[in-house]
Amino acid sequence: MFGGVRGQSGREVSSLQAREKQESEQETGESEVESQWREKGPDAGPGVPVWTPGCLGGKKPNISKVEDRVSDKSLLKPTVAKVGIIICLEAGERRGEYWWKKLTPTDSVPGEAEPPTPELVEVEVGGTALLKCGPSHSPGNFSHVDWFSVHKEKPTLIFRVRKGQGQSEPGEYQHRLSLQDRGTTLALTHITPHDERIFLCQGKRPLSQEHRIQLRVYKAPEEPTILVNPLGISVNSKEPVEVATCVGRNGYPIPQVIWYKNGQSLKEEKNRVHIQSSQIVESSGLYTLESVLKAQLAKEDKDAQFYCELNYRLPSGNHMKESQEVTVQVFYPAEKVWLEVEPSGMLKEGDRVEIRCLADGNPPPHFTISKQNLSTKEIEEMTPEDTGTLVLESAQKEHSGLYQCQGLDLETMASLLSDQQELLVNYVSDIRVSPAAPESQEGDSLTLACEAESNQAVEFQWLREKTGQVLEKGPVLQLHNLKREAGGGYRCVATVPSVPGLNRTRLVHVAIFGSPWMMLKERKMWVSENAVLNLSCEASGHPRPTISWSVEGTAQERDQDPLSVLSVLSVLVTPELLETGAECVASNSLGRNSTTIFLELDSSRSTGPRVSTASPSVRANSTSTEKKLPEPESKGVAIVAVTVCVLVLAVLGAVLYFFYKKGKLPCGRSGKQEITLPPSRKSEFVVEVKSDKLPEEMGLLQGSSGDKRAPGDQGEKYIDLRH
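Read in the numbering used here, the sequence shown has 226 at position 225, and its numbers run on one by one without any break.
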């Protein structure tokens, strides 16, 4: 609703009211204040709010009387009566005694009606504010309206409406104002925080009318960020220390921050909790809020979750945003030290063992580890890693003993000891076998015994190395009526059943005296001529044999075990080698033995690399690789050709004898029998037979050369015996 009748400056007073007041004072000869003072005495005093435009009548006030009641002497002058302004009041028994009073929003302004409350319009930053010049039911005429922006109580004309047409005044609002609703509404676009103020519209015709609008601007802040104190907090601090900082950026107006610990809100508490907030005004007019939480923390707060909450208002209502939860590092002295061993349970030699010193303080104290020998009672100081861990990469029985941790707090210099803990490393000593190098004659007996020490019960068993067969359960192995095959490896195994994985083994080789022994699984191998072969030959015996070859080549020997030797011979396949083969000879002081590898040509694999295997002994083998050399005259090819020719002649003779017996080859006939071997086809044989049939009953037979016979030769039939 429009307010009372006022000009732009707010100084105009109804002439009727002023005239009535003057007439009243002239009739009574005293002012209204003096009248009330006279009737009510001192109780009327300065509480009577009467505005006197000519306060003191232009005379200089009696400073000695006024300064007792006014602290600010600069206000001792007549002024316009406004809310929050010092005004001059007349009161007292005598004229010339004046009182001053500062008006408050609850005081009425002397000489005029109380101004109405401005209409509230709420808009978010970036939006559009719709400013209506009075309520919708107002009967005012809006053909002549002036719009003002009031900043620091100073109105500034920003828009004119004349005969329904609007015109912006130069300035900050020039391009953001427009008329709507037939001139009753002024639209302000692209709202910023700087636009939060009072807007005033005045209608001038037919009567001066005024309407005030309070524009409120809002902007939700960004998601709050929280930064925890990276240095941590000591519980020994005597005053609150910074825990975390909460920052809310680009909000308007300033949001309210609330701190939480484990879901419970924190409030100011003397010497315990202090919240310090500050804000920065950005160039855009938005606020950046920074709130610092300071507190005294205890050991129980080492896992506490802190976060902040921003509460703010928008035209739609109240809202809030929460930051992430953070944990601040809390430093507190240790109260207890203890020791842990990993892995737990039974330990054995060779295990990786970690001995850890632990404490309930933060940071942990400086640790040292002491070990007491169980038998000698001697104490040995050991230095762990910075983390308080002592690592035994391969534990041995010497590491057994009583271990204890000592923690030293470097801040308080207090020392704490853990309880002693026994570390037991179970072990089995190296196995000893007697005799250490057993040997025997064929047919004799042999006894093998093994022994080992352990801190636990030990079980023994004997195994044959070659087959893995268990021969005996116990530390003693009896071998009777020894044969050559009994020579070789035997293994003694010592096991601790109570400690899984704890065992020791010892391998011993039994030697049986005898001449070299060789095993031949295969005596023949297929090869390609001119290939390079690797022939292998293995022999065993006691004493250890030596190996030689019957052919030239490059031989290499290596021991397979104390009783066996392997020789590898690299040789080129030649016609002589194909005829004689390769002989491997093994010998020692007790005799000799040999085996022969025969080589056969493989016609189906005459080209390309060839790999063949021969086994003149248990692991004898050979490989061949084709090597291009000049091809010499091959005796083997000649032998094969002669053999084929003999077989063909034998078949031909049998066929001729068969036809002779059947009478199909009569002697004395004019038919002729021809056996020819043309020079170009030495491997083909043709038999020509005379036929009694008429020429017309005979067909043309194709000869051995594939040519057709002439018509004069149709009385002859050819039988091809090549196949």
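Note that the Cβ used here is the ideal one computed from N, Cα and C, for glycine as well.
- Rounded to the nearest whole angstrom, the CA to CA distance from Trp148 to Pro119 is 14 Å.
- Separation of Phe660 and Ala642 (C-alpha to C-alpha, rounded to the nearest whole angstrom) is 28 Å.
- Rounded to the nearest angstrom, the Cβ distance from Ser324 to Tyr313 is 14 Å, too far for a contact under 8 Å.
- Glu240 and Asn272 do touch by the CB rule: their CB atoms are close to 7 Å apart, below 8 Å.
- Rounded to whole angstroms, the separation of the alpha carbons of His195 and Arg161 is 21 Å.
- In terms of Cβ geometry, Ala245 and Val329 form a close pair [threshold 8 Å].
- Separation of the CB atoms of Cys451 and Val429 is rounded to 12 Å, and the pair is thereby denied contact status at 8 Å.
- The Cβ atoms of Pro517 and Asn456 lie no closer than 8 Å to each other.
- For Asp304 against Lys337, the beta-carbon gap comes to about 18 Å, at or over 8 Å, which does not count as contact.
- For Thr581, the enclosing alpha helix (DSSP H) starts and ends at 576-581.
- Out of Arg524, Val572, Val656, the CA that lies nearest to the CA of Thr596 is found in Arg524.
- Going by beta carbons, Leu189 and Val258 fall outside the 8 Å limit.
- Rounded to whole angstroms, the separation of the alpha carbons of Pro334 and Ser235 is 9 Å.
- Taking the Cβ atoms as the reference, His510 lies roughly 6 Å from Leu564, within the contact range of under 8 Å.
- When C-alpha distances from His481 are compared across Pro501, Val497, Ser441, the shortest belongs to Ser441.
- The count of Cβ pairs closer than 8 Å, one atom from the segment 217-229 and one from the segment 155-171, stays below three, leaving the stretches out of contact.
- Residue environment analysis places Pro222 among the buried positions, since at least 16 neighbouring C-beta atoms fall within 10 angstroms of its C-beta.
- Around the CB of Val574, 16 or more other CB atoms lie within 10 Å, so the residue is classed as buried.
- In the three-state scheme derived from DSSP, where H, G and I count as helix and E and B as strand, Leu287 is classed as coil.
- Around the beta carbon of Ser541, 16 or more other beta carbons lie within 10 angstroms, which makes this residue buried.
- Rounded to the nearest angstrom, the Cβ distance from Ser285 to Thr193 is 7 Å, consistent with a contact under 8 Å.
- Annotated three-state conformation of Asp560 is strand, per DSSP.
- For Pro517, the enclosing beta strand (DSSP E) covers residues 515-518.
- Under the three-state reduction of DSSP, Ala130 is assigned to strand.
- In this model, Thr547 and Leu403 are separated by some 58 Å (Cα to Cα).
- Counting along the chain, the unbroken beta strand (DSSP E) around Leu478 starts and ends at 477-480.
- With a threshold of 16 other beta carbon atoms within 10 Å, Gln470 falls short and is exposed.
- By the Cβ-count criterion, Ile276 is buried, with 16 or more other Cβ atoms from all chains shown falling within 10 Å of its own Cβ.
- By the Cβ test, the segment 548-557 is in contact with the segment 568-586, since at least three Cβ pairs between them sit closer than 8 Å.
- An exposed status is given to Asn237, since fewer than 16 other beta-carbon atoms sit within 10 Å of its beta-carbon.
- Look at Thr555 here: in three-state DSSP terms it is strand.
- Between Leu290 and Pro256, the gap from beta carbon to beta carbon is short of 8 Å.
- The DSSP-derived three-state label of Asp361 is coil.
- When C-alpha distances from His367 are compared across Leu417, Val566, Arg353, Ala396, the shortest belongs to Leu417.
- Residue Glu386 holds the alpha-carbon nearest to the alpha-carbon of Ile356 among Thr129, Gly318, Glu386, Leu315.
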